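Quick notes on the structure that follows.
In our numbering, the protein residues as written are 1193 to 1442.
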């Protein structure tokens, strides 16, 4: 009887090995292909929302087909000269493979009061007409607002812009704060900084188990570290991304 069982056990093991190999080979590891067909004349201004930025962007997956609905605006970063901004977007297929793509757009410095040039030949404020004086005053207020904005306010504004661009089915992700300082060799719990996560179908507990954090923090070494948080619900919908900057000090 034992002699009969041994060959059967070997056959089962071989079958399981082949089946596991087939599953590994069959797993979808390729992310979507993102295509950007932005008009060359298109410029960026501070009032552009996610829908406008994604208007000329599509995402297609080899297995899942059109996954354009998964696109999110990950970041908008100014160049060193502030003449251009770099737009980074991300898309995800049904197997949670993520692809990112970036492109540059020229900044429209004449829009929305970002930069106001005085009329040619204008002197100081006393020589300006009523209309020009109003423009000058508005420009000063804009500069003051920019100077007073801190990284935390900017991070919150970026989060709200991402959430506004999400579909109704996508989860919403919120951190308590985005700038954290930790003493060297101190304690740092990444998940303790999660304030709230919500979804149209999944409860908070199931979402909490699916939180993903990209990046590491070495509390034994001084420096600045960056963590990126997001969550994917049971239907494969991806939330907005929250970025935390962690500074380890002596």
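From the three backbone atoms N, C-alpha and C, an ideal C-beta is built for every residue, glycine too.
Fair warning: this is a prediction, and the values are worked out from it, not measured in the lab.
- Counting the other CB atoms within 10 Å of its CB gives residue 1363 a total of 16 or more, which places it among the buried residues.
- Distance check between residue 1410 and each of 1392, 1377 and 1398 places 1377 closest, using alpha-carbon atoms only.
- With contacts defined by Cβ atoms closer than 8 Å, residue 1367 and residue 1385 form a contacting pair.
- In this model, residue 1274 and residue 1208 are separated by some 58 Å (Cα to Cα).
- In this structure, the beta-carbon distance from residue 1271 to residue 1277 falls below 8 Å.
- The beta carbon of residue 1223 is closer than 8 Å to those of 1253, 1283, 1284, 1285, 1289, 1290 and 1291 in its chain, skipping five residues each way along the sequence.
- Distance from residue 1402 to residue 1354 at the Cβ level is roughly 18 Å; contact not present, criterion being Cβ atoms closer than 8 Å.
- An exposed status is given to residue 1296, since fewer than 16 other beta-carbon atoms sit within 10 Å of its beta-carbon.
- For the set 1301, 1281 and 1392, the Cα lying nearest the Cα of residue 1235 is the one of 1301.
- Nearest to residue 1389 by C-alpha distance, out of 1381, 1418 and 1425, is 1425.
- Of the residues 1221, 1281 and 1268, the one whose Cα lies closest to the Cα of residue 1250 is 1281.
- For residue 1393, the three-state secondary structure derived from DSSP is coil.
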